[in-house]
Structures are given as C-alpha cells and as structure tokens.
Amino acid sequence: MTRYRDFHRRSIDNPEAFWRDEAQRIHWHTPFGTVLDRSKPPFARWFVGGRTNLCHNAVDRHLAERAQQNALIYVSTETGIERHYTYAELHAEINRMAAVMRSLGVKRGDVVLIYLPMIPEALFAMLACARLGAIHSVVFGGFAAPNLAARIDDAKPALIVTADAGARGGKVIDYTPLVDEALARAAHKTPHVLLIDRQLAPERLNAPYLVAYEPLREQFFNAHVPCEWLESNEPSYVLYTSGTTGKPKGVQRDVGGYAVALAASMEYIFQGKPGDTMFTASDVGWVVGHSYIVYAPLIAGLTTVMYEGTPIRPDGGIWWRLVEQHKINIMFTAPTALRVLKKQDPALLKAADLSSLRTLFLAGEPLDEPTAEWITNALSKPVIDNYWQTETGWPMLAIPRGIEDLPNKLGSPGVPSVGYNLTIRDELTGEPCAVGEKGVLTLDYPLPPGCMSTVWGDDRRFVSTYWSSVPNQQVYSTFDWGVQDENGYVTILGRTDDVINVAGHRLGTREIEEALSSHAAVAEVAVVGVNDPVKGQAAMAFVVLRSAQPEGDPSERARLEAELAMTVDRQLGSIARPARVVMVSMLPKTRSGKLLRRAIAALAEGREPGELPTIEDPAALQQVRDALGDGGKN
Ligand code: ATP
Ligand code: MG
1 MTRYRDFHRR SIDNPEAFWR DEAQRIHWHT PFGTVLDRSK PPFARWFVGG
51 RTNLCHNAVD RHLAERAQQN ALIYVSTETG IERHYTYAEL HAEINRMAAV
101 MRSLGVKRGD VVLIYLPMIP EALFAMLACA RLGAIHSVVF GGFAAPNLAA
151 RIDDAKPALI VTADAGARGG KVIDYTPLVD EALARAAHKT PHVLLIDRQL
201 APERLNAPYL VAYEPLREQF FNAHVPCEWL ESNEPSYVLY TSGTTGKPKG
251 VQRDVGGYAV ALAASMEYIF QGKPGDTMFT ASDVGWVVGH SYIVYAPLIA
301 GLTTVMYEGT PIRPDGGIWW RLVEQHKINI MFTAPTALRV LKKQDPALLK
351 AADLSSLRTL FLAGEPLDEP TAEWITNALS KPVIDNYWQT ETGWPMLAIP
401 RGIEDLPNKL GSPGVPSVGY NLTIRDELTG EPCAVGEKGV LTLDYPLPPG
451 CMSTVWGDDR RFVSTYWSSV PNQQVYSTFD WGVQDENGYV TILGRTDDVI
501 NVAGHRLGTR EIEEALSSHA AVAEVAVVGV NDPVKGQAAM AFVVLRSAQP
551 EGDPSERARL EAELAMTVDR QLGSIARPAR VVMVSMLPKT RSGKLLRRAI
601 AALAEGREPG ELPTIEDPAA LQQVRDALGD GGKN
C-alpha cells in the first residue's frame, strides 16, 4: 500500500502542491495565483484568479485531436432511437443551444433549470450553460410538480428547459402538465420555458410562455458562441441532494476545482483514457450523471454513452449487449440496478461479448456482499464500489487502481481518495475513533477541489448543516456512520439517522441488513429502528425473499424467521436480533434506488411517512402497510 499511502499523504500534508500539479490536467485561459484560499474556513476557494470554462475543457479543447471521435453515443430503448455525435458535432449542437438560450436573454450568472428526460439535449443544455457562464440546475425528470416548484423557488431560474415527455418502461409521461402546475405553484415567475418536442405527447405549444426549441435551433444552426472565461470559483451548477433524509439542499459547485477533480478522478479511480468508451447508467438529474455521464468522460476525451430506458427492456441482456456493440470499456451504475439484473436469466449475460469491459463501478447505496460476489464472478472483472455524496461531486472512497492496484475488500467501498482527509469520529466527543471502532465519517478542512462550495444562496446553512454537528471540532459531517480497518478500508454502516440504540448498544442498520442478506433465502432487506418501551429502540426487518413467499405455510415462515434471527445472533449477537421480521415482495425506494428507511420506520411506528420526493413504486409503501397490519403476526 505504500504508493497509495504516500500519494494520499502528500495530498493531505500539502494540498497546495498536490493540486497545483493536478491543475495541469485542464486548460486555463488565465493562470491561477493562489492554489487554495483558506482565509474563511470552512469555505475553501481553489485556484483563485484562474479563468477557465467547463465546456471548453469538455469539448472545444478536444477538437484539434479528436473532432471525428464519438463524444456521445445516445441509445433509447424507449423510443428505439440511437444517435452518435462526434466531438465536432457535439460542439455544433452546444453552440446552437447556447445561441438559443442567449436569444432568450440568458447570460453569465443566470440560472437555467433543466427538467428533461434522458435525451441528448439534456447534455447539450448543460454544456451550453457552461459555455455561457450560466448556472444549470438539473431537476430529475421523475420529480412531481410540488418538488419542481420548490426547486424553481429556490433556484429562481431565468429559463426552464423541458420536453414534451419522458418515457419509462414503455410508458409515456407528459412533462408539460407537470411544468404548468409547478409554475402555477411557484412564487418565482420564470420568463421563458424552452420546449424540446420529442413528439411523444400531444402538441401543447399554446401556453404563452412556451418557446419551441426546434425552429430556434434551425435559426441558429451555424451559430458560434464563445466560451465565457469564468473565475475558478464562480458557480457552475446547483444540484439538489436526493432528499432521502429531508429537505433537499442546493449543492453549489465551482468551475475550476470541479474540472480538476474530475480529471484527476478519471485517472486515479476510473482509469479512463482518451478514446475509451464509458457507460454510466444513471440519470443526468443525479450527481453521478453530472459527473460521470457528462463532465468527467468528456473532459478526459472519452466517448460517453447516454441511455434512456430500464435495464430489463426489451430484456435483461440489453446493457450487456450495449457493452458488446459499443465496445464499452468502463461501466458505472448503482447496486439497485444489479439486484434487478441478478434476477434475470444468466444466459443473457453470458451471451454477450464483454471482452472490451475493464471495470464496473458501483455507487449510490451500500453494495451488499451477495450482489458483489455474484457480479464479480459473473463478469470476471474488477467491480469497484465507491462511496460519495451529491455534496462531494466525486468519490470519497474507492479503490484507486490508477495509483496502486489495491485489493477489494468485500463490503467496503475502499480507502479515502486523494485530497479527502477522512476521519471516523466519535459522535459524542468528536475524537477520532480507534481502528475497528464505529463512528461518523467526517472530513477535515479543507474539502478537496470538486466538493460543494456552499449551499446555494445560503452560506449560513452550509456551515450550520455540514460543519457544526460534530462536538468540539469544525469538521464536515457526511452524516454516514462507518468503521475503518487497519489498512484504511472503510465500511459504511448506514446513515447517522439510521443508527439505532438498542438497550444502550449503538447499531448501524446496515450491519443488521448485511447479516440478514447473507442468508440464502433473502433477496433484499431493509432494517429500521422502531420505538420500544423497554429497550429504547428495537430493530425491525423488512425482507424480500428470493423465491415466492411462503404465504400459506405459517410453520415454514416461522422456521425461516428463526433462521434469520440465528443468522443475526451469530454475526452480531442477540442484541441486534430484529424484534420482528416482516415479509414483503418489494421495498419502497427513491427513483435513484435508495431505500426510503425513514418512510418505512414511520409506517412501522404507525405514523404516515409524509411527502416523499420520489418513489420508485408507491405500491411498495402500501405493501409495507399491509404487511404490518397483518395482525402483527406476519
Ligand atoms: P439527502 O442528503 O437529500 O437526504 P441523499 O443523501 O440520498 O439525499 P445523495 O447525495 O444522492 O443524496 O446520496 C449520498 C448518500 O448515499 C451517502 O451519504 C450514503 O449514505 C449513500 N451512499 C452513496 N454511495 C454509497 C456506497 N458506495 N456505499 C454505501 N452508501 C453509499
Ligand atoms: Mg445526503
């Protein structure tokens, strides 16, 4: 581990020297002076005075050498459309979009809210904003009108870019009624809405504020819009956190630090070289999409694959066939997608030629050991779990194979990435925990480049939310709970909200989930804490079985429950044993695949979960309700 250790140590001991070198990876129109301005902790300003542009670095800079290389491969299994754009073509499309936005009055510093499905125009619009120096705020297309309205009021856009419809699993979702409703609810008056007409939903251009994109695109077909050279610390975008745990926070990102961090991550973590092809199966509405569908692969000169559709339509082999057809080298998705694929016919994976694929990256939620083992064996390629947040913009924990070929550790997303001064701290004292001791994952000041600069429009909230929760220390809290081993590998044990206190013992829900999912009958599991008059809290487990539920056979179910209890006893001790095991056939999740533990816990305590930002399938909540109401004897 010495190479990694030395490298990481240098990034912490002398961040200025370390990041000055890394900054050479991107183009600076004007060189920066100070590498790091530490004058106002916990705020950090990187590459002060340097002027650059994200669109220039992602596109224009590559025209000299790779104008004819594909920059973007777009595939939609919803519409059957496949389109390829070379760097030269991408450049032209972005210029058209930027000219259209400019004609609608958008200028440097304005916010453009992008509410689009997975279509190439989403990427064009983001990069057009970057080109103009406008601040994009992409709102995931699956959000409902009230969520969209809240983001409109917080971001105060000068323009909204939307489409007639999204499509998912063969179903068309009209967007314009949602936008109408959101605009009516919002206090902020957005002057223009630019509509990309995919011809999926009925023509609705009669609304007075709607402007059709296509005729304007024609009008500005040969436009050239110069890149605005922004100071490194000007905002590039605002992205709201997923809202899994509460009111979403507007994460503000800078320009220069973000570009440098992403470029570094492409070498040290993702090992993407110019000319490689990367397929990040996520959504541009999430941070993984911002960083690894749009910016990082293009900054590093790769071809990025953008996919609209589900992993199982037309069948569960579609992603593997995409790898074969487009000679994809790097793939990135969330564990939830793999759990879906695991249920598919294994022949579908075997049938595809996956020889081009080097590595599969997974992030967004805990990667359970059975899923990790399954996919590692099925692919015979490295599978790299990586841990980060909307706030950090790029992985905090991973296996930095571009630095040193460290081994994987099952159940752990790896070791701290360069620049992250990560310490597990005792929640009550703020002191660093010993090896093997559980605590909160915190980051010491300064956060590395690429991390959030502040909460949009609310510096105080940045300090009070993120830098004030650990006693006696001004450190950044991830609000995740974990443990580090003697080699530096960190295991995430759940969110601090999800840590439960059973008769004075603090347990991460993730530990109990891991124990339960090691049982062969278990496909998926969520553990939540519920109030208990005697122990303070008790664990309750919601289990999805691999095969059909033993509905009619109470003795079979009782036997299984006893076995599950024993599995937990063996691995964690009887203190962690769930007070109740509830069988369901589906768990409530956000559209990004995260378990809605708070909602489950509310139901388990007989409360209603309240408004949820996104939910994959509302029927899952009803299932939990029904299963709980099952005479308490489920
Ligand atoms: P909000 O902050 O609004 O509640 P959120 O935390 O779900 O939403 P994201 O920033 O998308 O929004 O998710 C980051 C969180 O996801 C992390 O803090 C962590 O809890 C979880 N997470 C991400 N990657 C991993 C991983 N590899 N292993 C375990 N947990 C992960
Ligand atoms: Mg969060």
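Numbering of the sequence shown is given in full-length UniProt numbering, commencing with residue 1 and proceeding in unit increments. From the three backbone atoms N, C-alpha and C, an ideal C-beta is built for every residue, glycine too.
Going by beta carbons, A134 and V100 fall outside the 8 Å limit. For the set V172, L36, Y213 and P235, the Cα lying nearest the Cα of S453 is the one of P235. Judged by DSSP secondary structure, E308 falls within the beta strand (DSSP E) whose first and last residues are T303 to E308.
In the DSSP assignment, N377 falls within the alpha helix (DSSP H) that extends over E369 to L379. A distance criterion of 7 Å places the beta-carbon of Q252 beyond contact range of the ligand MG, judged by its closest non-hydrogen atom.
Beyond the five residues adjoining it in sequence on each side, I196 comes within less than 6 Å, by CB distance, of E121, A163 and Y213 in the same chain, given in chain order. Judged by DSSP in its simplified three-state form, M126 adopts helix. For the stretch 63-123, the continuous alpha helix (DSSP H) assignments of 4+ residues that do not extend past its boundaries occur at 63-66 and 87-103, in sequence order.
For P366, the Cβ falls inside the 7 Å cut-off from some heavy atom of the ligand ATP. Closer than 7 Å to some heavy atom of the ligand ATP: that does not describe the Cβ of Y237. Per the C-alpha coordinates, the member of Q484, T303 and A92 positioned closest to F279 is T303. Every unbroken stretch of the beta strand (DSSP E) spanning 3 or more residues and falling wholly within the UniProt domain "AMP-binding enzyme C-terminal" (511-594) is given here in chain order: 522-532, 536-545 and 580-584.
For the set V415, R151 and V568, the Cα lying nearest the Cα of H8 is the one of V415. Look at R253 here: in three-state DSSP terms it is strand. When secondary structure is reduced to three states using DSSP, S291 falls in the helix class. Your pair I152 and A182 checks out as a contact, with CB atoms roughly 6 Å apart and the cut at 8 Å.
Per DSSP, reduced to three states, the secondary structure at W320 is helical. A distance below 8 Å separates the beta carbons of D480 and L441.
In the three-state reduction of the DSSP assignment, S232 falls in the coil class, being assigned neither a helical nor a strand state. The Cβ atoms of A562 and D532 do not sit closer than 8 Å to each other. Ranked by Cα distance from Q199, the options A184, V172 and L210 are led by V172. DSSP places N14 in the coil class of the three-state scheme, outside both helix and strand. In this structure, V584 sits away from Q622, with a CB-CB distance that is not shorter than 8 Å. No Cβ-Cβ contact shorter than 8 Å links T34 with W229. Within the same chain, Cβ atoms closer than 6 Å to the Cβ of A503 are found at K535, the five residues on either side in sequence being excluded. The stretch 63-73 and the stretch 469-485 do not touch, with fewer than three beta-carbon pairs separated by less than 8 Å.
A538 and A627 have their C-alpha atoms some 18 Å from each other.
Take the alpha-carbon of V59 and the one of F270: they are about 20 Å apart. Beta-bridge analysis with DSSP links N501 to R506.
Beta-bridge annotation (DSSP): T390 is not paired with any residue. V470 carries a coil assignment under DSSP once its states are collapsed to helix, strand and coil. Shortest gap from the CB of Q389 to any heavy atom of the ligand ATP: under 7 Å.
Fully contained in the stretch 409-463 are the following beta strand (DSSP E) runs of length 3 or more, in chain order: 422-425 and 439-443. In the DSSP annotation of this structure, Q199 is not part of any beta strand (DSSP E), being labelled neither H nor E.
M118 is classed as buried because its beta carbon has at least 16 other beta carbons within 10 Å across all chains shown. In the three-state reduction of the DSSP assignment, H136 falls in the strand class.
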